[in-house]
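The listed protein sequences derive, respectively, from chains F and H.
Using our numbering, the letters of the first sequence map in sequence onto residues 1384 to 1694.
Using our numbering, the letters of the second sequence map in sequence onto residues 350 to 808.
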Amino acid sequence: MANATATAPAPTRPISITSAISGWWFLVPALLFFVGYQVYPIIRVIWISFTNFEFLSSEPARWVGLDNYAEALSDPLMWASLWRAAEFTLMFLPGTIILPLLLAVLVDKVTNNKLSTLYRVILLIPAVIPSTLVFVLWKWMYNYQVGPINHFLVEVLGLFTVYDAPQWLGGTPLTLPAIAIMEVWWGLGYHTIFFLAGLAAIPKDLPEAARIDGANEWQVFWHVILPRLSPIMMILVVLRFGTAMAVIDEYLIFGGFNRDSPTYTWTMFMYDQAFKTGLWRQGFAAAIGMIGALAMMVVMVILIRIFRSKG
Amino acid sequence: MVERKEKELLLQEASRQQLVRGQIDRREFMSRTLVAGLGMAGVGVAAKYGFGSALAEDRPLTPTFYQWIEDLHPGIPTVNGEFPGINYQIAPVEGFGIERFVAEAKNKESTWDIYVGQTPFVEMSAMVAADVIEPWDDYIPKDVLDDIIPSIREENLINGKMYGWPFLLDVIGTGWHSGLTTQAGLPDEAPATWDDQLERAKAIVESGAAPFGTTFDSHGWRSVAPMAHSMNPDIYTSEGLFDFTSDAAIEALVLMKKLMAYANPDILLEGASDGGVNGTPDEVAFAAERVGYYNKYFNAPLRMAANWEDPNQLHLGPLPKFANGAGSTVFWTTGSALFKYGKNKEKAAEYLKALTYDRQIWKDSIVGTPSGHPGQLPPYKSIYAEWDANPPDWMPPFVGLVRGQLDSAKAIENNLFGLQQFVIGKPIWETYLKGEESDPKVAMQKVMDAVKAEMERGK
């Protein structure tokens, strides 16, 4: 009888309309923030993208339907600039995933607590440097004339001369890889911490059991550890895909507004049209932004499906 | 206590002015009055003055400056001292960004009265188009207007109205490292023609005095335009665009390619700050004492030479000429815009007159101070005349040379695409400089087409 009482469903009291409504009041602050800070700006940009809004013009904005989208999609610069963003993402993402993963596995193997903490602190140093300092540092590192990288290549190794040394920044073909290297360095510690957290969540007896069953270290990593890190990988890939495709600060600083530069991506194209050129065609710029955002969303959905299909 | 009362009354009067202008409603006015602890006294003042008449301005003169101007001209605070209560500020602009000014003007308001940092060909047309600024014509004293060098006055006009009060004059000229030129056995004087400069640049490289003979800033308004002006400054279309297809522009492009043979190889790269337009490779090469001759506005060689072991080895002179060219160059002024929805307009004119005629600022600019050496020059005839009549012992010879060249120099014409036309064109004309296009005329025609296509967007 006592057992039957314990397993019987608890009696539910019907929720009154008043209490249901009063519950919603608690959500109002968050809802207001969400609508005002997230939903409204997006809807506003979508609306602007269907108008001929020019920031410097005193003429009222006029509805132009899909004209801005048609113009953007028929402009070779739109496609070239999207492709450049994709190129950077392809250079940046592997370094953001593979390197931190390997480092995390190595740091995880360190058994001395003090040493392990020291490695983690060292790895995190770049992540806590303010962006301005990071850019100043790397601009100096990559400088053609006085940068230490070219000094090493020219003066120490003698691989180049002052006339043919690599031109890293400023819109050359090396600019995107150079920025990708900087970004990977900058995020190395931060991303490594993600994987270290994932490794800590894997029960230690799992790899041990695999080893007892005869698996070598590579097999343990590939078949036991890596599948359990895939949720972390998915988060990193999706987040970093978004940031890599939408980079603009670094391009403004390292590449400028040269339309042939590999750093002139769709974000630069959008900024250029919105704040630099002519009467600042922000309607057109909004359409560029929406196209870029849609392209990113499509790829993100595909990425999420790939990771989900792998369990 | 008395001081507190005065503050309260000032606060109340400011609120009343806003009420008069319709910026706040009566409810807001009453709320502020009560919050300020005035109670019925506030109501009394409102009743005394009534709600319909606008009286004195309710804020002090509020100029805003582009940051670099303050950095390079330490004499500005001294002038500010002559205007008690001035609310001196630094503008929220970076890389010529005027978004804030435009956004405020759309609401028919302005936090500031004047903006000191406006370069006419860069942003003046945009500020006029967006109804942000108004002409100085009703406020600038006639003696000041007549004193401005004619070409500079012309630079600050749009449709015959003066939208800029010129302040700091930059002229594109030539700087050279006399240590390197002497080592190469070259005379210590400015090359008279471009052919001279090319020969000397070659001599520097061949003598081993420096790895590079010459350099320039590859941004069009600092290279194509001044070099073209040195051949012929009358190369603007009826709509005010730089005519890239003109003979002078094409000669300039060919000259750039010849100069590049003796220049630092990274010369075409974008700069390291302000969206690529500043911190350019030419500056680094000159600062590193790796190049003999340098064509840019004087501010650049002066700043870069400050890094040399002996900055006195920097010498300055006018831009070279083409053999049969006009001998002109490009100049621009950085001056002040008058915000349409600002206040204190008469006071602003008084302030700018004091600022732009301040002799200490000009001496500091030309001679240099520990905080910088801009080498920027005044826009007024009378100041040069005064220096001619009684040459100060600190006056370097380049000032007279530049003043002489100003009579034939010309600013880039004002247009919404005044700066952008060069940004759009740069990657296209560079196809010729990089050898991807063999015909400079074809490259320049493509530039012109691209600029016009950009202007036609959305029409």
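Beta carbons: idealized from backbone N, C-alpha and C, even for Gly.
Short of 8 Å Cβ to Cβ, which residues in the segment 1517-1544 of chain F face chain H? Lys1522, Asn1526, Tyr1527, Gln1528 and Val1529
Under a CB-based cut-off of 8 Å, is Leu1635 (chain F) close to chain H? yes
Could you please give me the residues that DSSP links to Ile715 (chain H) through a beta bridge? DSSP lists no partner for Ile715 (chain H).
When the cut-off is 8 Å and only beta carbons count, does Thr1650 (chain F) lie next to chain H? Using a Cβ-Cβ cut-off of 8 Å, Thr1650 (chain F) does not count as an interface residue toward chain H, since no Cβ of chain H sits closer than that to its own.
Is it true that the segment 1422-1442 of chain F meets the segment 1612-1623 of chain F, where meeting means three or more beta-carbon pairs spaced less than 8 Å apart? no
Against chain H, does Gly1661 (chain F) count as a neighbour if the rule is that its beta carbon must be under 8 Å from one of theirs? yes
Since Leu687 (chain H) sits in a beta bridge, which residues does DSSP pair it with? Within the DSSP secondary-structure output, Leu687 (chain H) pairs in a beta bridge with H:Ile463 and H:Glu483.
With 16 as the cutoff for other CB atoms within 10 Å, does Trp743 (chain H) come out buried or exposed? exposed
Below 6 Å CB to CB, which residues in the same chain sit around Tyr1502 (chain F) once its five sequence neighbours on both sides are set aside? Val1490
Give the straight-line distance between the Cα atoms of Asn613 (chain H) and Ser572 (chain H), rounded to the nearest whole angstrom. Going by the C-alpha atoms only, they are around 15 Å apart.
Rounded C-beta distance between Leu750 (chain H) and Gly666 (chain H)? I'm assuming under 8 Å. 6 Å
Leaving out five residues before and five after Lys790 (chain H) in sequence, what residues of the same chain have Cβ atoms less than 8 Å from its Cβ? Thr594 and Ile599
Other residues of its chain near Trp1523 (chain F): CB distance less than 7 Å, five sequence neighbours each side excluded: Gly1530
Buried or exposed: which applies to Phe680 (chain H), given that a residue is buried once 16 or more other Cβ atoms fall within 10 Å of its Cβ? buried
At 8 Å on the CB atoms, spell out the chain H contacts of Asp1491 (chain F), in chain order. Here the premise fails: no neighbours, minimum Cβ distance about 39 Å.
By Cβ distance below 7 Å, which residues in the same chain neighbour Gly774 (chain H) in space, the five residues on each side in sequence not counted? Here the set comprises Gly569, Phe593, Val796, Ala799 and Val800.
Straight-line CA distance for Thr1401 (chain F) to Phe1417 (chain F)? 24 Å
Name the residue from H:Gln438, H:Leu604, H:Phe766 and H:Ile463 whose alpha carbon lies nearest to the alpha carbon of Ser567 (chain H). H:Leu604
Among H:Lys689, H:Ile761 and H:Asp737, whose alpha-carbon lies nearest the alpha-carbon of Thr460 (chain H)? H:Lys689
Residue burial classification, Met1673 (chain F) (beta-carbon count within 10 angstroms, cutoff 16): buried
Residue of H:Lys712, H:Gln754, H:Pro723 and H:Ala621 minimising C-alpha distance to Pro740 (chain H): H:Lys712
Between the Cα of Asp1458 (chain F) and the Cα atoms of F:Met1680, F:Val1681 and F:Ala1668, which residue gives the shortest distance? F:Ala1668
I need the boundaries of the beta strand (DSSP E) containing Tyr1752 (chain F), first residue and last residue. Outside the displayed range of chain F (1384 to 1694) lies residue 1752 (chain F), so it cannot be described from this structure.
Per DSSP, Met1673 (chain F) is paired with what? None; Met1673 (chain F) has no bridge partner.
When F:Thr1575, F:Asp1643 and F:Phe1640 are compared against Leu1612 (chain F), the one with the closest alpha-carbon: F:Thr1575
Thr1500 (chain F) versus Ile439 (chain H): straight-line alpha-carbon distance, rounded: 45 Å
Based on DSSP bridge pairs, tell me the residues matched to Gln438 (chain H). Its beta-bridge partners are H:Thr413.
When DSSP labels each residue in this structure, what does Glu1347 (chain F) get in the three-state scheme? The structure shown has nothing for residue 1347 (chain F), since chain F only spans 1384 to 1694.
Which of helix, strand or coil does DSSP assign to Val1504 (chain F)? helix
Nearest by alpha-carbon distance to Met609 (chain H): which of H:Val554, H:Asn673, H:Trp657 and H:Ser587 is it? Checked all of H:Val554, H:Asn673, H:Trp657 and H:Ser587; the closest Cα to Met609 (chain H) is H:Val554.
Cross-chain neighbours of Asn693 (chain H) in chain C, by beta carbon under 8 Å: The displayed structure is made up of protein chains F and H, and chain C is not among them.
Measure the Cβ-Cβ separation of Ser787 (chain H) and Asp420 (chain H) and say whether it is below 8 Å. no
Does His664 (chain H) come out as helix, strand or coil in the three-state DSSP assignment? DSSP places His664 (chain H) within a strand segment (E or B) once states are collapsed to three.
Contacts of Gln1550 (chain F) in chain H (Cβ-Cβ under 8 Å): Pro614, Asp615 and Leu618
Which one or two residues does DSSP pair with Pro622 (chain H) in a beta bridge? In the sequence as presented, Pro is not what sits at residue 622 (chain H); that position holds Ser. Under DSSP, the beta-bridge partners assigned to Ser622 (chain H) are H:Asn627.
Quick check on the DSSP output: what are the complete beta strand (DSSP E) runs of length 3 or more inside the segment 529-607 of chain H, in order along the chain? 561-565
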